[in-house]
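K.L.:
Chains as they are written, first to last, in our numbering: chain Z, 1 to 142; chain L, 1 to 244; chain R, 1 to 306.
C-beta atoms are modelled at their ideal positions from N, C-alpha and C, and glycine is treated no differently.
One structure, pasted below without further comment.
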Amino acid sequence: MFDDRRPIYRQIAERIRAEVLSGSLGEDEQVMSTTQYATHFRINPATAAKAFAELVDEGVLYKRRGVGMFVAPGARETLRAHRRARFVAEVLDPMIDEADAIGLDPAHLVERIHERMGDPADPRAAAGSVAGSVADGREEAR
Amino acid sequence: MSAPAPDTWILARLRLRDDALGSGLLWVGFAVFVFALTIGVAQFRTIEVSGWEVGSQLPRWFVAGMGVYLATVYLPLYIAHGYTRRESARQLALSGAATIPLLAGLMTLGYAIERAIYTAAGWPQQLQQAHLFDQPTQYPLVYLEFLLLFTVWGVAGAFVGAAIYRHPGNGLFAIPIGLAMLGLAETALSPGAFEFLAGLVGPIGAPAGGSVVVSTAIALGCASVALPATWLVIRDLPMRNQEQ
Amino acid sequence: MTGRLELQDLTVRYGDTVAVDRVTATLEGGRIHGLLGRNGSGKTSLLSAVAAFRRPDGGQVLLDGEPVFENPAAVRRMCLIRGAGDTVVHDWPGDRVRHALDLAARLRPHWDRDHADRLVERFALRRTARLSELSRGQRSALGVVLGLASRAPVTILDESYIGLDAPSRYAFYDELLADHSAHPRTILLATHLIEEVAALFETVTIIDRGRLLLQGSADDLRARGAAVTGPAEAVADLTDGMRVLASKQLGPTRSDTVFGELTTEQITRARRAGLQLDPVPLQDLFVHLTDPATATEQPVSEGSLR
């Protein structure tokens, strides 16, 4: 259910994005209609419609006239890229600031990341995507 | 979403169905009661007067009550169901205008039935009070009197009911106004009932065996003052708020 | 045929008491609107004037541009349910649930008999039950049935569903939404219990002591409140000049509930000062906005949303 503290349409959009990211909503798969969404979650239909409109603008969903809303091809990748950018700005950078402030050794941090995310002997597998997107992410991040 | 064909006179028909039928049934019960009582009394003493005349004091209160009820229950009910005050008032007045002649007819019929019973039993159908008619067999006059009586009582009831619904406190002042109007009409139609008022009406030429036309004019005059007065009270009538 | 309501300088008085004070607001057609106000804030009086249950003492109400009072075409399209619906008022012992339904079926031009039957079943109403013997919950249920099955282009429920128990209230929300999407129309729900119904509203209109406090999209309103928590001085510094609805202090920590969107600059400043920013639930906003202790006489335009 939705809490009453943030605009509900944003919460709906967030929920659908999460479903696309996790793969529980596949590409070209139909999503619930505005009406179904509204009745299922007991929310105003216009609010649900607003969330859908936002996702269409973002290219996550597309509309087939008379049929309904579908997940756009490539939506998952778009979202992942976006999330990666946000991750850097909202999680990684503050973490690095904090690590710096409490005097953690950067080498120790990198070692820890390799340990958790993959084999340090094959840096491309683990670090490649992060390193690549760190550069993009800094520009994209708000 | 288009509305179905409007049923223009639905309110009047609803009331006619219930009120006309209801008062007809009530009249049957009332008549049975009056005649049974008369026959019962006859077991102990000689019947010398018309029982129907005595009994006919009661129905006018019923008609006044009906006026109160239309103004205080049905008018708000219809407003709440999406009708204007004008539409509702017009149709309620129409249903009253159809019910009252019917009731007057039934009350006249009562004298006729009584006539048959009294003739068979050999009792005199003697009237005690002054009326527009001298004999209970003058049916057109009997009918006219009931018609006028019920009209005045019904309108007075609606007026008093509406006033009290609208102004629960000050509306009580409508009661003496309504009673004064009834007194005037009753005196005009039956001067014996209110001796002191008869004195007032007498000088302006009311009956005591006088003219039917003048009596009718006075009664109709009362109704035609009270009817617009009632409309003035209800034309802006605010629905009462409910206690929740 | 859209069901758009316009309130223009609407005023309702009882003698010297002003119950509704020059309220101007527009409720767009085909949407679900919430009318929020504390008990005695003037909700019922306002709705009475909207539904032509009483003549406004000032200003007017327009339905699709036409004044509603004593306008047959307008009142036929509106259905205001107060409590259990006005059928129950006279409570004659002979009056039963089925009589109330029959009357509505005859008088409401858009009445949907099948829908009424389904709702009666859903709310477990007995058709033969005497109106005078209905429990509070049953009276509410009858009000809801009369309102929903009326299919009136403008359907107004004045707290009718508040007497329902929790499962029935959820059934009501479900029915309302399903019905609204199948038969779009203007629906106006008045309530002082916000938490549960807030998500149903597209717009919210808040009145307080007869005045319009604010009107706007429910989601915009959700974005308008923030709780700022942190060292007292830093909080005071940040919220200076903002509309502070409530302020609590515990030792050196202070928490201000502010109304109005924080600028990006303010958010950055707050982060830098180590202040915590939290969203505020609609119900809390409502409570603070209508709290006589803190609510100041705000001009309508300042508090209202676009």
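1) Would THR230(L) and VAL155(L) be called neighbours here (beta carbons separated by less than 8 Å)?
2) Can you find a C-beta in chain R that's less than 8 Å from the C-beta of MET107(L)?
3) In this structure, does DSSP put TYR83(L) in helix, strand or coil?
4) Just to make sure I have the definition right: I need the residues of chain R whose C-beta is within less than 7 Å of the C-beta of ARG76(Z). Which are they?
5) Give the secondary structure of THR268(R) by DSSP, where H, G and I count as helix, E and B as strand, and everything else as coil.
6) For THR11(R), which option in GLY210(R), VAL204(R) and ALA270(R) has the closest C-alpha, if you only look at C-alpha atoms?
7) Taking just the CA atoms, how far does VAL97(R) sit from SER160(R)?
8) Exposed or buried, PRO106(Z), counting other C-beta atoms within 10 Å across all chains shown (16 or more means buried)?
9) Strictly below 8 Å CB to CB, what residues from chain Z border ALA25(R)?
10) From VAL54(L) to VAL68(L), what does the alpha carbon distance come to, in whole angstroms?
11) For a cutoff of 8 Å on Cβ pairs, would you count ARG31(R) as touching chain Z?
12) Please state whether the Cβ-Cβ distance between ARG82(R) and THR128(R) is less than 8 Å.
13) Go to VAL49(L), then tell me how far its alpha helix (DSSP H) extends in each direction, as first and last residue.
14) Assuming the contact rule is C-beta atoms closer than 8 Å, ILE156(R) and ALA51(R) should be a hit. Round their C-beta distance to whole Å, please.
15) Roughly how many angstroms lie between the CA atoms of ARG136(R) and LEU94(L), to the nearest whole one?
16) On the criterion of 16 or more Cβ atoms from any shown chain inside 10 Å, does SER129(Z) qualify as buried, or is it exposed?
17) Tell me which residues share the same chain as LEU46(R) and place their Cβ nearer than 6 Å to its Cβ, disregarding the 5 neighbours each side in the sequence.
18) Along chain Z, in chain order, which residues have C-beta atoms closer than 8 Å to that of TYR173(R)?
19) DSSP three-state call for ALA206(L): helix, strand or coil?
20) Using only alpha-carbon positions, find the residue among TYR37(Z), PHE70(Z), GLU115(Z) and ALA81(Z) that is nearest to GLU27(Z).
21) Starting from the beta carbon of PRO67(R), find every residue of chain L whose beta carbon is closer than 9 Å, and list them in chain order.
22) Would you list the one or two residues that DSSP bridges to LEU7(R)?
23) Secondary structure at LEU104(Z), three-state DSSP: helix, strand or coil?
24) Can you check whether the CB of VAL63(L) is closer than 8 Å to the CB of LEU103(L)?
25) In chain order, what residues of the same chain have a beta carbon less than 8 Å from the beta carbon of ALA219(L), not counting five sequence neighbours either side?
26) Secondary structure at SER247(R), three-state DSSP: helix, strand or coil?
27) Buried or exposed for GLU302(R), please, with buried defined as at least 16 other CB atoms from any protein chain shown within 10 angstroms of its CB.
28) What residues in its chain sit with their C-beta under 7 Å from that of LEU21(L), if we drop five residues either side in the sequence?
29) Go ahead and label ILE102(Z) buried or exposed: buried means 16 or more other beta carbons lie within 10 angstroms of its beta carbon, across all protein chains shown.
30) I'd like to know if ILE8(Z) contacts chain R, where contact means its C-beta is closer than 8 Å to some C-beta of that chain.
31) Does the contact criterion of 3 or more C-beta pairs under 8 Å hold for the segment 280-293 of chain R versus the segment 198-209 of chain R?
32) Would you mind reading off the limits of the beta strand (DSSP E) that contains ILE32(R)?
33) Can ARG38(R) and HIS180(R) be called in contact, C-beta distance under 8 Å?
34) From which residue to which residue does the beta strand (DSSP E) around ARG15(L) run?
35) Give a yes or no on whether the minimum CB-CB distance between ALA93(L) and chain R is below 8 Å.
36) State the DSSP-derived secondary structure class of ARG76(R), mapped to helix, strand or coil.
P.N.:
For this structure:
1) Taking the first residue of the second sequence as position 1, residue 230(L) is located at position 230. Taking the first residue of the second sequence as position 1, residue 155(L) is located at position 155. Pairing THR230(L) with VAL155(L) gives a Cβ-Cβ distance under 8 Å.
2) The residue labelled residue 107(L) in the question sits at position 107 within the second sequence. Using a CB distance cut-off of 8 Å, MET107(L) does not count as an interface residue toward chain R.
3) Position 83 of the second sequence holds residue 83(L). Of the three classes helix, strand and coil, the one that applies to TYR83(L) here is coil, per DSSP.
4) Residue mapping note: residue 76(Z) aligns to position 76 of the first sequence, counting from 1. Residues of chain R with a Cβ closer than 7 Å to the Cβ of ARG76(Z) do not exist, since the nearest Cβ in that chain sits about 27 Å away.
5) For this step, residue 268(R) is matched to residue 268 along the third sequence. If DSSP states are grouped into helix, strand and coil, THR268(R) belongs with the helices.
6) Stepping through the third sequence from its first residue, residue 11(R) is reached at position 11. Comparing Cα positions, the closest option is GLY210(R).
7) Within the third sequence, the letter at position 160 stands for residue 160(R). Within the third sequence, the letter at position 97 stands for residue 97(R). Taking the straight line from one Cα to the other gives about 16 Å.
8) Sequence index remark: in the first sequence, residue 106(Z) carries index 106 (1-based). In this structure PRO106(Z) is exposed. Its beta-carbon is surrounded by fewer than 16 other beta-carbon atoms within 10 angstroms.
9) On the third sequence, residue 25(R) is found 25 positions in, with the first residue counted as 1. Neighbours of ALA25(R) in chain Z, taken as residues at a C-beta separation under 8 Å, are lacking, since the least C-beta distance is about 18 Å.
10) Stepping through the second sequence from its first residue, residue 54(L) is reached at position 54. Stepping through the second sequence from its first residue, residue 68(L) is reached at position 68. Looking at the backbone, the Cα of VAL54(L) and that of VAL68(L) are separated by about 24 Å.
11) Residue numbering aside, residue 31(R) sits at position 31 when the third sequence is read from its first letter. Against chain Z, the CB of ARG31(R) has a partner CB under 8 Å away; the residue lies at that interface.
12) Residue 82(R) sits at position 82 when you count from the first residue of the third sequence. Residue 128(R) sits at position 128 when you count from the first residue of the third sequence. Not in contact: ARG82(R) and THR128(R) (Cβ atoms no closer than 8 Å).
13) In the second sequence, counting from the first residue as 1, residue 49(L) sits at position 49. Looking at the DSSP string, VAL49(L) is not in any alpha helix (DSSP H), and its letter there is neither H nor E.
14) For the purposes of this step, residue 156(R) is taken as the residue at position 156 of the third sequence. For the purposes of this step, residue 51(R) is taken as the residue at position 51 of the third sequence. Correct: roughly 6 Å between the Cβ atoms.
15) The count along the third sequence starts at 1 and reaches residue 136(R) at position 136. The count along the second sequence starts at 1 and reaches residue 94(L) at position 94. Going by C-alpha positions, ARG136(R) is about 37 Å away from LEU94(L).
16) As a working mapping, residue 129(Z) is identified with position 129 in the first sequence. In this predicted model, SER129(Z) has a pLDDT of only 45, less than 50, meaning its place in the structure is not dependable enough to derive any value.
17) As a position in the third sequence, residue 46(R) is number 46, starting the count at 1. So the list reads VAL20, once near-sequence residues are dropped.
18) Here residue 173(R) is taken as the residue at index 173 of the third sequence, counted from 1. Neighbours of TYR173(R) on chain Z, chain order: ARG42.
19) In the second sequence, the residue the question calls residue 206(L) occupies position 206. Interpretation of ALA206(L) is limited by its pLDDT of 44, a score under 50 that renders its predicted location unreliable; the figure taken from the coordinates is listed afterwards. ALA206(L): coil per DSSP, three-state reduction.
20) Within the first sequence, the letter at position 27 stands for residue 27(Z). Per the Cα distances, PHE70(Z).
21) Translated into the one-based positions of the third sequence, residue 67(R) becomes position 67. Within chain L, no C-beta atom comes nearer than 9 Å to that of PRO67(R); the closest sits roughly 12 Å away.
22) Locating residue 7(R) in the third sequence gives position 7, counting from the first residue. Answer is ALA25(R) and VAL61(R).
23) Counted from its first residue, the first sequence places residue 104(Z) at position 104. Reduced to three states, the DSSP call for LEU104(Z) is coil.
24) Here residue 103(L) is taken as the residue at index 103 of the second sequence, counted from 1. Here residue 63(L) is taken as the residue at index 63 of the second sequence, counted from 1. Cβ distance < 8 Å, so LEU103(L) and VAL63(L) count as in contact.
25) If you number the second sequence from 1, residue 219(L) lands on position 219. Excluding residues up to 5 positions away in sequence, LEU148, LEU149, THR151, VAL152, ALA185, ALA188 and LEU189 lie with their Cβ nearer than 8 Å to the Cβ of ALA219(L) in the same chain.
26) Counting from 1 along the third sequence, the entry for residue 247(R) is found at position 247. Reduced to three states, the DSSP call for SER247(R) is strand.
27) Against the third sequence, residue 302(R) aligns to sequence position 302. Since pLDDT at GLU302(R) reaches only 36, below the 50 mark, its modelled position is unreliable, and no value is offered.
28) Translated into positions along the second sequence, residue 21(L) becomes position 21. Taken in chain order, the list of residues that qualify is empty.
29) For the purposes of this step, residue 102(Z) is taken as the residue at position 102 of the first sequence. The residue is exposed, with fewer than 16 neighbouring Cβ atoms inside 10 Å.
30) Translated into the one-based positions of the first sequence, residue 8(Z) becomes position 8. It does; some Cβ of chain R falls within 8 Å.
31) Output reads yes: the segment 198-209 of chain R touches the segment 280-293 of chain R.
32) As a first step, residue 32(R) must be located in the third sequence, where it is residue number 32. Residues 32-36.
33) Position 38 of the third sequence, counting from 1, holds the residue named residue 38(R). Position 180 of the third sequence, counting from 1, holds the residue named residue 180(R). In this structure, HIS180(R) does not lie closer than 8 Å to ARG38(R) by Cβ.
34) As a first step, residue 15(L) is located in the second sequence; it is residue number 15 there, counting from the start. ARG15(L): not part of any beta strand (DSSP E); member of the alpha helix (DSSP H) spanning 10-15, first to last residue.
35) Taking the first residue of the second sequence as 1, we reach residue 93(L) at position 93. For ALA93(L), the answer is no, since every Cβ of chain R falls outside 8 Å of its Cβ.
36) Locating residue 76(R) in the third sequence gives position 76, where the first residue counts as 1. DSSP, reduced to helix, strand and coil, places ARG76(R) within a helical segment of the structure shown.
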